[in-house]
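Residue numbers (the working numbering): 1296 to 1365.
Just so you know, even glycine gets a beta-carbon here, dropped at the ideal spot from N, CA and C.
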Amino acid sequence: MILITGGTLYDPANGIDGRPVDILVDGGKVIQVCEARCGRRSGEGLPTPEDSAKERAEGVRVESHGQEGG
């Protein structure tokens, strides 16, 4: 699992033109997008690697707190 901080989201179809975001990626897929700096201090609100592994085993997908670009 990788947390990319300070990314920029472009999603013209939804009127988003360069919003700063933090992006959580696991297994090559974006599993969560949140406002920039949401996970930089304590990671509060972001799933832990253990949560992600459990969700994969149970077939549950982590819900995003923001909009994902397409």
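Counting C-beta neighbours from all protein chains within 10 Å, is the total for residue i 16 or more, i.e. buried, or is it exposed?
i     : result
I1297 : exposed
I1299 : exposed
D1317 : buried
Please report the distance separating the alpha-carbon of residue i from that of residue j.
i     : j     : result
G1301 : A1331 : 6 Å
D1306 : G1322 : 22 Å
T1303 : Q1327 : 14 Å
V1325 : L1319 : 6 Å
Give the DSSP-derived three-state secondary structure of residue i in the structure shown.
i     : result
Q1362 : Below a pLDDT of 50, predicted positions are generally treated as unreliable, and Q1362, at 48, falls in that range; no measurement from the model is reported.
Excluding five sequence neighbours on each side, which residues of the same chain lie with their C-beta closer than 8 Å to the C-beta of residue i?
i     : result
G1313 : T1303, L1304 and Y1305
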